[in-house]
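Numbers 1 to 507, taken from the numbering used here, label the letters of the sequence shown in order.
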Amino acid sequence: MTELLDLPDEMILAIFNKVKPQVFLLCSMIDIGNNRLEQLALSKCHSIDLTFNYGHSSYRSLIERFYFYILPYISNNIQSLSLNLIHLLHFDTILKYYNEITFSLTHLKIILCRFHCKSGKQFKIGHVSRNDDHIISDITSISCPNLKELTITCYRNILHYDRFILLFPRLSTVEHLTLLLGVGASRFGLDHFIDGFDLQRNVISHMPHLRQFNFYIRSILKDAPQINIDILRQSFLEQRIQQFVDCTLDYFNNHYGQCQVFSLPFIGTRLDFISNRFPLFDVTNTFSNVTTLLLFDDIKPFEHNFFERVTQALPHLKTLNVFNLLEQEETKNTATKLIVFSHLVALILHDIHMDYAEQFLCRSHLPHLIELFIRNDALLLIIANNDQQAKDNCANIERLRIVEPWIEPTNDGTIYDPYTRSLISSTRFIFNYAMAYVHFGKDDYLQRTRHGLNYIRNVHRNPKTGGYAWIIYDGKITDDTNHCYGLAFVMLAYACALRVSIEQARE
1 MTELLDLPDE
11 MILAIFNKVK
21 PQVFLLCSMI
31 DIGNNRLEQL
41 ALSKCHSIDL
51 TFNYGHSSYR
61 SLIERFYFYI
71 LPYISNNIQS
81 LSLNLIHLLH
91 FDTILKYYNE
101 ITFSLTHLKI
111 ILCRFHCKSG
121 KQFKIGHVSR
131 NDDHIISDIT
141 SISCPNLKEL
151 TITCYRNILH
161 YDRFILLFPR
171 LSTVEHLTLL
181 LGVGASRFGL
191 DHFIDGFDLQ
201 RNVISHMPHL
211 RQFNFYIRSI
221 LKDAPQINID
231 ILRQSFLEQR
241 IQQFVDCTLD
251 YFNNHYGQCQ
261 VFSLPFIGTR
271 LDFISNRFPL
281 FDVTNTFSNV
291 TTLLLFDDIK
301 PFEHNFFERV
311 TQALPHLKTL
321 NVFNLLEQEE
331 TKNTATKLIV
341 FSHLVALILH
351 DIHMDYAEQF
361 LCRSHLPHLI
371 ELFIRNDALL
381 LIIANNDQQA
391 KDNCANIERL
401 RIVEPWIEPT
411 NDGTIYDPYT
421 RSLISSTRFI
431 FNYAMAYVHF
441 GKDDYLQRTR
451 HGLNYIRNVH
461 RNPKTGGYAW
471 IIYDGKITDD
481 TNHCYGLAFV
491 MLAYACALRV
501 SIEQARE
């Protein structure tokens, strides 16, 4: 049998290139007493990619080894460094060896979000217990005298924009800059939309060597003044910005306004708070590379035809988040053709009118959907309708998150708090509808229920509202004959688990 060390260097390097993430490879080859493997590993240290998550315990031990043993060893070799949020939390460790890294680093990429391991969906920065002050402090502490290329991605609204822009005077050597940012309204933040004048003053003027500047920046203001979009466009024509630039303005009934400015060709893969008025459907397919889309409109509903056009404009869409409480106006019976979302893997239907649950689960074809976030009352309605298309769309669900509607407390003298009463009510509905949704005998039901109870995970309480969100992992449960009952069975297991909990509480 051929051993690894018997292979030539070229073949070993070819094997190394297939190992992902390569950081783990470095942990397994450096400082282990084999000089040949160590030298080969050091030749792969010029570019370090830390944009992966490491939830598994064995990965955590490797990451600790990397930060405390491997990083000091290879610091002089690193020229390109990519970090996501979960690794940025270790930035203090990196700073200990910053003197060694800072002079060699020429490429830096920071992504302020985390990814779901299965769907690839980006989670917002707020999903970790660290506030903006620390994040911005870490970013603005960066100082790389030889940095040539910088990329920062933060789709969550940056509240401390005034602190964030302090980074750029420290990076005067940058030649290629990419900014994909969301900037939110706050008492610490902006009092105007970001335009060409703002970018010139706070970014470009500090980078005399800048040759290429790609950006997509979304800024939000409360009680935003009405602005002529031609004036906004003119602000870019008067600056030292070589790329073609376009922009959009939108105003909502909730008294917020939004401005989106972007260089062309559009390089982002995500669009947030897109309304019916956004120029998504242009003849040049400007946004065809977008894979994540958040739709929001409190002025006009999203109709069936709108979603048809979305599939044409965004053929690679993987994650879709819909916020719209307005009832669809077009007659549902007129939509006879299913809309096909060929690549959609994650669907989020939280603050919606019931029409949108039916729109996606009953009047669309979602062949690759594996993650669903939905209000329980909307899901109950779908289950009650016993729609075959909904069954097909939900057959491959692997992760289901259900949000219980919050019920205001009442003083009726009962021994149960509002949460328990709502669970009792909701559980009965879920139990009955799930039983009607899949047809199987009593014995099988008991067996599958016991199996399903093992898949209930993670109860989270929202401290602001007092409501509860139940997260169910591995929802695709298979019996001994390898038949998958998908979403309906998960709901049944969910209902039975809640019933057991409530009965125990009563006792």
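Cβ coordinates follow ideal geometry from the N, Cα and C atoms, glycine included.
Using DSSP bridges, identify the partner residues of Asp250. Listed as beta-bridge partners of Asp250 by DSSP are Gln258.
Alpha carbons only, please: which of Ser263, Ser172 and Ile374 is nearest the one belonging to Arg401? Residue Ile374 is the option with its Cα nearest to Arg401.
Pairwise C-alpha distance: Gly196 and Glu238: If you take the alpha carbons of Glu238 and Gly196, they lie about 8 Å apart.
CB-CB length for Leu361 against Asn393, believed under 8 Å: Rounded, the Cβ-Cβ distance is 5 Å, consistent with contact.
Close-in-space but distant-in-sequence residues of the same chain around Asn77 (CB under 8 Å, 5 per side omitted): The answer, listed in chain order, is Leu42, Cys45, His46 and Ser104.
Using CA atoms only, rank isn't needed, just tell me which of Phe273, Leu347, Phe252 and Asn253 is closest to Gln260. Of the listed residues, the one whose Cα sits closest to Gln260 is Phe273.
Give me the Cα-Cα distance between Asp474 and Ile165, rounded to the nearest whole angstrom. Because Asp474 carries a pLDDT of 34, less than 50, the predicted location of this residue cannot be relied on, and the following value inherits that uncertainty. The C-alpha of Ile165 is placed about 42 Å away from the C-alpha of Asp474.
Quick one, are the C-beta atoms of Asp298 and Arg277 less than 8 Å apart? It is not a contact, given that the beta carbons lie outside the stated cut-off.
Would Gln258 and Arg233 be called neighbours here (beta carbons separated by less than 8 Å)? Against a cut-off of 8 Å, the Cβ pair of Arg233 and Gln258 comes out as no contact.
How far does the alpha helix (DSSP H) with Lys588 in it reach, from first residue to last? A question about residue 588 goes unanswered here, because the residues of the chain that appear run from 1 up to 507.
Run of the alpha helix (DSSP H) containing Val23, from where it starts to where it stops: Start and end: Gln22 to Met29.
Might you give, ordered along the chain, the residues of its own chain that have their beta carbon closer than 6 Å to the beta carbon of Lys148, omitting 5 neighbours on each side? These residues qualify, in order along the chain: Thr106 and Glu175.
Ile15, enclosing alpha helix (DSSP H) - first and last residue: Judged by DSSP secondary structure, Ile15 falls within the alpha helix (DSSP H) whose first and last residues are Asp9 to Phe16.
Who are the Cβ neighbours of Glu38 in its own chain at under 8 Å, not counting the five residues just before and after it? If we look at Glu38 and ignore the five residues flanking it on each side, its Cβ neighbours are Met29, Ile30, Asp31 and Ile32.
Can you give the beta carbon distance from Leu177 to Leu150, rounded, assuming they're within the 8 Å contact cut? The beta-carbon separation of Leu177 and Leu150, rounded to 5 Å, stays under the 8 Å limit for a contact.
Classification of Lys337 by the beta-carbon crowding that lies within 10 angstroms, buried from 16 upward: Exposed is the call here.
Please classify Tyr216 as buried or exposed, where buried requires at least 16 neighbouring CB atoms within 10 angstroms. When all chains shown are included, Tyr216 counts as buried.
Between the CA atoms of Glu3 and Ile266 - distance to the nearest angstrom: It is Phe, not Ile, that sits at residue 266 in the sequence shown. Roughly 48 Å between the two C-alpha positions.
Span of the beta strand (DSSP E), counted from its first residue to its last, around Phe296: Where Phe296 is concerned, the enclosing beta strand (DSSP E) stretches over Thr292 to Phe296.
Assuming Asn146 and Phe168 make a contact with CB atoms under 8 Å, what is their CB distance in whole Å? Asn146 to Phe168, Cβ: 16 Å. No contact.
Distance CB(Thr319)-CB(Val340) smaller than 8 Å: Result no, Cβ atoms of Thr319 and Val340 do not sit closer than 8 Å.
Given Phe302 as reference, the closest of Leu317, Phe193, Thr292 and His353 once Cα atoms are compared: For the residues Leu317, Phe193, Thr292 and His353, the minimum Cα distance to Phe302 belongs to His353.
Would you report the Cα separation of Phe262 and Val322, rounded to the nearest angstrom? When rounded, the distance between both Cα atoms is 23 Å.
Under 8 Å between the Cβ atoms of Ile48 and Val23? One thing to note: Ile48 has its Cβ within 8 Å of the Cβ of Val23.
Would you give the residue range spanned by the alpha helix (DSSP H) that Phe549 belongs to? What is shown of the chain runs 1 to 507, which leaves residue 549 out entirely.
What does the Cβ neighbour count give for Asp282, buried or exposed, with the cut at 16 atoms within 10 Å? So Asp282 ends up on the exposed side.
In whole angstroms, what is the alpha-carbon distance linking Ser235 and Thr284? For Ser235 and Thr284, the gap between their C-alpha atoms comes out near 24 Å.
What residue range does the alpha helix (DSSP H) around Glu358 cover? Met354 to Leu361 is the extent of the alpha helix (DSSP H) around Glu358.
C-alpha distance - His316 paired with His343, whole-angstrom precision: Inter-residue distance for His316 and His343 is about 6 Å (C-alpha atoms, whole angstroms).
Cβ of Gln79 less than 8 Å from any chain D Cβ? Within the model displayed, chain D is absent; a lone protein chain is all it includes.
Beta-carbon separation of Ile397 and Leu369 under 8 Å? Against a cut-off of 8 Å, the Cβ pair of Leu369 and Ile397 comes out as a contact.
Bridge partners - Asp49, DSSP secondary structure assignment: Beta-bridge pairing by DSSP links Asp49 to Ser82.
Have a look at Leu50 and Leu264 and give me their C-alpha separation to the nearest angstrom. Between Leu50 and Leu264, the C-alpha separation is close to 28 Å.
Option in Asn253, Ile229 and Ala313 with minimal Cα separation from Lys300: For Lys300, the nearest C-alpha among the options comes from Asn253.
DSSP three-state label for Trp470, please. In this predicted model, Trp470 has a pLDDT of only 39, less than 50, meaning its place in the structure is not dependable; the value taken from the coordinates is given anyway. The answer is strand: DSSP assigns Trp470 an E or B state.
Report all residues from its chain with a CB closer than 7 Å to the CB of Asp9; omit the five preceding and five following residues, and keep chain order. Residues of the same chain with a CB within less than 7 Å of the CB of Asp9, apart from the 5 flanking positions on each side, are Leu40 in chain order.
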